[in-house]
Amino acid sequence: MSTPARPPGNFEITVDGEPVPARRGQSLAAALFASGRASWRRTRGDGRPRGLFCGIGVCFDCLATVNGIPNVRVCLAEAQPGDTIHTQEGTGHDARGC
Amino acid sequence: MIVIGAGIIGASCAYHSIRAGLSVLVLDRSGVASGTSGAGEGNILVSDKPPGAELDLALLSARRWSELADELHAEDPTTDIEFDAKGGLVVAPDERSLAALHQQADAQRSAGVTAQPLTTAEVATHEPNLTPQIAGGVRYPQDAQTQPMLATAQLLRSARRHGARIRLGTTVTGLLRGSSGRITGVRTDRGDLFAGAVVNAAGPWAGQIATLADSPLPIEPRRGFVLVTEPLPRMIRHKVYAASYVAAVASDQAALAVSPVIEGTRSGTVLIGSSRERVGFDRTVSPDVLGVLARNAISLFPFLRDVAALRTYVGFRPLCTDHLPVLGPDPRAPGLLHACGHEGAGVGLAAGTGTLIAEALTGTEPSLDMAPFHAGRFVGSQGVNREVQP
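Residue numbers (numbering that gives the first Met the number 0), protein chains in the order written: chain A, 0 to 97; chain B, 0 to 389.
Shown next, in the form of structure tokens:
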């Protein structure tokens, strides 16, 4: 993903339609965590809550749909002004099954 | 008896032998399913084999796998090896390859394989997400899948419940011979172990074990990569592969041979193969090969273009250079039995292999003619194991 311009120091992202503050250089996971959210995904088997676990891109627990792309590891994604996050149920591709 | 190798073949030999009343010790220098068995897709296929001894073994094995899944579940209802009789679907990109595919299916039918020719439209009803840019296909309902690491572990767990012992982290460094020349056990880095029979189930390293017994076998590693996608809902119902796969398996070339093989798993990930290269035990990841795998997969299932690949793994198929497994007693080393050389079909052929090895050890009438698999065909062979020593 390209970053066209250096973002301002403080800005907003949107999480399930709600504005959430974020700072330049912050990961989306950090912004979610700072807003009081501990989980933003439910597992595809038993619907259990998942959020930040390893925080370094290894465990694939912190997945969310970001700007329409499912299964983004938000611990690795730098927050950009206007980012739209949707909490994710299951695989994030569930409408496609056959 | 001692089984060398705690992969799927060794596990099946242990499972069947302990039930036949033998005393069983399984050795592995590493862990359960730590080699080839933990680096594959868990294919149980009859579709990719032309009529002959290997297809007969595959048919026996496919029947046994279905029984094994039930046996393991009956013994312990919490046991699940993700056995799935999903069926295989072989697709042909053009009329010429479709004609060859139909010809092979006709021959396989006469050998006891169920093979259903499908038009392009019929293929679409079986696999709605497959590209329509194909000439047709053949469906093989006897093809199945299991999770190979679970299957290996559960077979060993059951064997242990019946009295088998398993020693991991134990490396075989030599074979012991009595004064009559008979193999009487193994030398390991933890001491000597004695047994009435030793079964060589060491996968791609089986040639090295055979060399320790001065009975060389031409077993070579054939490298393959698998690409794993993010978990998805069910998008692919069968094991789907291109008709060119059969030729790639049968090929003798050392250079890279790639043929698309794609399937879903219970956990939702899609496994994308297949590549074959004879490069020794080199584990270096090849981005070029992975790129070809991905492009081939997208050409069959266009939706994969928008799906992320999460990881990849590499493994070594134990190729016997005449393309047949080596099963049963070695006339050069009485007391040594081989259960090796299954190439990429070890999981599928394991159930039948374990059955046959237990029969050979107990002197029971074999379920199959063992002659084509006999190690005696390599008497006088020099082996090929110079190049595989790490």
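All C-beta atoms in this analysis are idealised placements derived from N, C-alpha and C, irrespective of residue type, glycine included.
Beta carbon proximity, B/L309 to chain A, threshold 8 Å: Yes, its Cβ sits closer than 8 Å to a Cβ of chain A.
Cβ neighbour criterion (16 or more within 10 Å) applied to B/N42: Buried, by the Cβ-count rule.
Chain B within 8 Å of A/R43, Cβ atoms only: Using a Cβ-Cβ cut-off of 8 Å, A/R43 counts as an interface residue toward chain B, since at least one Cβ of chain B sits closer than that to its own.
Beta-ladder partner(s) of B/T311, from DSSP: In the DSSP assignment, B/T311 forms a beta bridge with B/L226.
Residue nearest to A/A29 in terms of C-alpha spacing, selected from A/G54, A/G8, A/R47, A/P7: For A/A29, the nearest C-alpha among the options comes from A/G54.
Alpha-carbon to alpha-carbon, B/I133 and B/L97: If I take the Cα positions, the gap works out to 9 Å.
Inter-residue CB distance, B/D188 and B/T169 (contact presumed, cutoff 8 Å): Rounded to whole angstroms, the Cβ separation of B/D188 and B/T169 is 7 Å, and the two are in contact under 8 Å.
Close Cβ partners of B/E94 (< 8 Å) along its chain, the five nearest in sequence each way excluded: These residues qualify, in order along the chain: A134.
Same chain only: Cβ atoms within 6 Å of B/R164, ignoring 5 sequence neighbours per side: Correct list, in chain order: L24.
Alpha-carbon to alpha-carbon, B/D69 and B/V112: So the alpha carbons of these two residues sit roughly 22 Å apart.
Short-range partners of chain A found in the stretch 276-301 of chain B, where Cβ spacing is below 9 Å: The residues in question: there are none.
Neighbour flag for B/L231 against chain A, beta carbons, 8 Å: When Cβ-Cβ separations below 8 Å define contact, B/L231 makes contact with chain A.
Residue ranges of each alpha helix (DSSP H) within the stretch 315-340 of chain B, 4 or longer: Entirely contained in the stretch 315-340 of chain B, not one alpha helix (DSSP H) run reaches 4 residues.
Residues that B/G267 contacts on chain A, provided the C-beta gap is smaller than 7 Å: What B/G267 touches in chain A: R43, T90.
B/S273 - containing beta strand (DSSP E), residue span: Where B/S273 is concerned, the enclosing beta strand (DSSP E) stretches over 269-275.
CA-to-CA distance, B/Q207 to B/P389, given in whole angstroms: With a pLDDT of 37 at B/P389, under the threshold of 50, the modelled position of this residue cannot be trusted; read the value that follows with caution. Taking C-alpha positions only, B/P389 is separated from B/Q207 by approximately 11 Å.
Interface partners of B/N128 on chain A, CB under 9 Å: In chain order: R95, C97.
Cutoff 7 Å; reference A/D15; Cβ partners in own chain excluding five residues on either side: Excluding positions up to five away in sequence, the list reads H85, T86.
Contact with chain A by B/M234, beta-carbon distance below 8 Å: Taking Cβ atoms only, chain A reaches closer than 8 Å to B/M234, which makes this a yes.
Three-state class that DSSP yields for B/D55 in the structure shown: Of the three classes helix, strand and coil, the one that applies to B/D55 here is helix, per DSSP.
B/A134 - DSSP class collapsed to helix/strand/coil: B/A134 falls in the coil class under three-state DSSP.
Exposure of A/N9, with buried meaning 16 or more beta-carbon neighbours within 10 Å: Flag for A/N9 reads exposed.
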